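Have a look at the structure below before the remarks.
There are 2 protein chains.
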Amino acid sequence: MRLNELDERIVHALAEDARRSYADIGAEVGLSAPAVKRRVDRLRAEGAITGFTVRVDPAALGWETEGFIEIYCRRNTSPEAIHRGLSRYPEVASASTVTGEADALVQVFASDMRHFERVLERIAGEPFVERTKSVLVLSPLLRRFSSGAPS
Amino acid sequence: MRLNELDERIVHALAEDARRSYADIGAEVGLSAPAVKRRVDRLRAEGAITGFTVRVDPAALGWETEGFIEIYCRRNTSPEAIHRGLSRYPEVASASTVTGEADALVQVFASDMRHFERVLERIAGEPFVERTKSVLVLSPLLRRFSSGAPS
DNA sequence: GTTGAAAATCTTCCGCC
DNA sequence: GGCGGAAGATTTTCAAC
Numbered sequence: 001m002r003l004n005e006l007d008e009r010i011v012h013a014l015a016e017d018a019r020r021s022y023a024d025i026g027a028e029v030g031l032s033a034p035a036v037k038r039r040v041d042r043l044r045a046e047g048a049i050t051g052f053t054v055r056v057d058p059a060a061l062g063w064e065t066e067g068f069i070e071i072y073c074r075r076n077t078s079p080e081a082i083h084r085g086l087s088r089y090p091e092v093a094s095a096s097t098v099t100g101e102a103d104a105l106v107q108v109f110a111s112d113m114r115h116f117e118r119v120l121e122r123i124a125g126e127p128f129v130e131r132t133k134s135v136l137v138l139s140p141l142l143r144r145f146s147s148g149a150p151s
Numbered sequence: 001m002r003l004n005e006l007d008e009r010i011v012h013a014l015a016e017d018a019r020r021s022y023a024d025i026g027a028e029v030g031l032s033a034p035a036v037k038r039r040v041d042r043l044r045a046e047g048a049i050t051g052f053t054v055r056v057d058p059a060a061l062g063w064e065t066e067g068f069i070e071i072y073c074r075r076n077t078s079p080e081a082i083h084r085g086l087s088r089y090p091e092v093a094s095a096s097t098v099t100g101e102a103d104a105l106v107q108v109f110a111s112d113m114r115h116f117e118r119v120l121e122r123i124a125g126e127p128f129v130e131r132t133k134s135v136l137v138l139s140p141l142l143r144r145f146s147s148g149a150p151s
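Line by line, the protein sequences are chains B and R. Numbering of the first sequence is given in UniProt numbering, commencing with residue 1 and proceeding in unit increments. Numbering of the second sequence is given in UniProt numbering, commencing with residue 1 and proceeding in unit increments.
Here you go:
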């Protein structure tokens, strides 16, 4: 699938503020409100836009501690097994299999350091996990867009 | 700041679909539409909700290659300098200063491997960057919520 | 927090290019 | 195929309670 420049500008406008009116976005990109809606509907149908969500301040919601956990798996662990194992943790915000020494990189939000430690220990104890290596986030500098499915 | 259970349920509903109407959310949590709006307005004013955004499928938008770059900075580089340097790259989706050997962890989306390599080289050439270490994402397993500021 | 009304927006339809 | 204008339906918004 290929998007033209108009679609990209619409997605960009929605990424900055998904509650802007179609007429408002249309004024920016040079289209009428119905034309913008039609394109957004098409982008949703095609799967380019998977939904609309709210941007939250984790700290304000009580998730003050953020970190990344590199997971080193046992031999013959499938990505599906990692997904199944990690999706049970509400603290896991994102996870991907990666190249390099580690097998997966997991982003975790916890309420505080003790909570983070507890999550880390539980993940490290998963049967498919051989060992872990983790770093804590000091300050979030930049967060731009949201991708993927809600859960 | 502390949110009560009603606020959390409203944020949760918006996280799943930020375009649901206030009346619809109100029916779920047991409030009228204006009551829900007032709480959302308050959450925005307090900073718990920092905005509304669209959830996109990076691959559908042509961002097929994802990776993480660890940045090792020169001495006396402030987080603000890193932020200024990285915010110019549209390919940078998120960035945080972290504990451990590296100084910052940067998430990058690129159209393909050549594009990723070009971004990596440009970032590695930034004056505040001493060296970098990067991993490529093989498969995104899980992506849950969006946090932080738009840019 | 609720109700009710006004204003804005969304959504669909239709004619046009 | 896509676009703009206009209609009704829905939602947002702001009163008063």
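Ideal Cβ placement from N, Cα and C applies to all residues, glycine included. Since this is a predicted model, take the numbers as computed values, not measurements.
Check your understanding: Does DSSP classify Phe109 of chain B as helix, strand or coil?
Key -> strand
Check your understanding: Does DSSP put Ser143 of chain R in a helix, a strand or coil?
Key -> One detail in the question is off: residue 143 of chain R reads as Arg in this sequence, not Ser. If DSSP states are grouped into helix, strand and coil, Arg143 of chain R belongs with the strands.
Exercise for review: Less than 8 Å between the CB atoms is what I'm expecting for Ile49 of chain R and Val36 of chain R, so what's the real figure, rounded?
Suggested key: Rounded, the Cβ-Cβ distance is 12 Å, inconsistent with contact.
Review point. Expressed to the nearest angstrom, what Euclidean distance is found between the alpha-carbon atoms of residue 209 of chain B and Ser111 of chain B?
Key: With chain B covering only 1 through 151, there is no way to say anything about residue 209 of chain B.
Practice item. Taking only beta carbons into account, state which residues of the region 34 to 59 of chain B come closer than 7 Å to chain R, listed in chain order. Key: Glu46, Gly47, Ala48, Ile49, Thr50, Gly51, Phe52, Thr53, Val54, Arg55, Val56, Asp57 and Pro58
Practice item. For Gly67 of chain R, name the three-state secondary structure that DSSP assigns. Key: Here Gly67 of chain R sits in strand by DSSP.
Review point. Under a CB-based cut-off of 8 Å, is Val111 of chain B close to chain R?
Key: Here residue 111 of chain B is Ser; the residue named in the question, Val, does not match the sequence. No, because no Cβ of chain R sits closer than 8 Å to the Cβ of Ser111 of chain B.
Review point. Is Ser96 of chain B helix, strand or coil by DSSP?
Key: strand
Practice item. Check whether the Cβ atoms of Pro79 of chain R and Thr99 of chain R lie closer than 8 Å to each other. Key: Between Pro79 of chain R and Thr99 of chain R, the CB-CB gap reaches or exceeds 8 Å.
Practice item. Note down the Cα distance separating Asp41 of chain R from Ser87 of chain R, rounded to an integer number of angstroms. Key: 28 Å
Practice item. Could you check how far apart the C-beta atoms of Arg131 of chain B and Tyr72 of chain B are, in whole angstroms? I think they sit under 8 Å. Key: 5 Å
**Study point:** Status (buried if at least 16 other CB within 10 Å, exposed otherwise) for Pro34 of chain B
**Key:** exposed
Review point. Relative to the C-alpha of Val106 of chain B, which residue among B:Leu141, B:Ile82 and B:Gly47 is closest?
Key: B:Ile82
Check your understanding: Is there a Cβ from chain R that is less than 8 Å from the Cβ of Phe128 of chain B?
Key -> no
Practice item. Give the straight-line distance between the Cα atoms of Ala95 of chain R and Pro140 of chain B, rounded to the nearest whole angstrom. Key: 6 Å
Practice item. Quick one: grab the DSSP three-state call for Tyr72 of chain B. Key: strand
Point to revise | Contact with chain B by His83 of chain R, beta-carbon distance below 8 Å | key: yes
Review point. Is any beta-carbon of chain R found at less than 8 Å from that of Asp24 of chain B?
Key: no
Exercise for review: Note down the Cα distance separating Gly51 of chain R from Val11 of chain R, rounded to an integer number of angstroms.
Suggested key: 11 Å
Check your understanding: So which of R:Asn76, R:Ala93 and R:Thr77 has the shortest CA-CA distance to Glu66 of chain R?
Key -> R:Ala93
Review point. Where does Ala18 of chain B land, buried or exposed, given buried means 16+ other C-beta within 10 angstroms?
Key: With 16 or more other Cβ atoms inside 10 Å of its own Cβ, Ala18 of chain B counts as buried.
Check your understanding: For Ser32 of chain R, which residues does DSSP report across the bridge?
Key -> DSSP output for Ser32 of chain R lists no bridge partner at all.
Practice item. Would you check if the distance between the CB atom of Ser134 of chain R and the CB atom of Glu70 of chain R is smaller than 8 Å? Key: yes
**Study point:** Closest by C-alpha distance to Leu43 of chain R, when choosing among B:Gly125, B:Glu91 and B:Arg55
**Key:** For the residues B:Gly125, B:Glu91 and B:Arg55, the minimum Cα distance to Leu43 of chain R belongs to B:Arg55.
Point to revise | First and last residue of the uninterrupted alpha helix (DSSP H) at Arg88 of chain R | key: Per DSSP, Arg88 of chain R belongs to no alpha helix (DSSP H) and is neither H nor E.
**Study point:** From B:Pro127, B:Thr77, B:Glu64 and B:Val29, residue whose alpha carbon lies closest to that of Glu91 of chain B
**Key:** Checking every option, the nearest Cα to that of Glu91 of chain B belongs to B:Glu64.
Check your understanding: Taking 8 Å as the CB-CB cut-off, is Phe145 of chain B touching chain R?
Key -> yes
Practice item. Could you confirm whether any beta carbon from chain R is found closer than 8 Å to the beta carbon of Pro140 of chain B? Key: yes
Review point. Between residue 155 of chain B and Phe128 of chain B, is the Cβ-Cβ spacing less than 8 Å?
Key: Because chain B in this structure spans residues 1 to 151, residue 155 of chain B falls outside the shown range and cannot be described.
Exercise for review: Mark Ala23 of chain R as exposed unless 16 or more other C-beta atoms lie within 10 angstroms of its C-beta, in which case mark it buried.
Suggested key: exposed
**Study point:** DSSP-derived helix/strand/coil call for Arg131 of chain B
**Key:** strand
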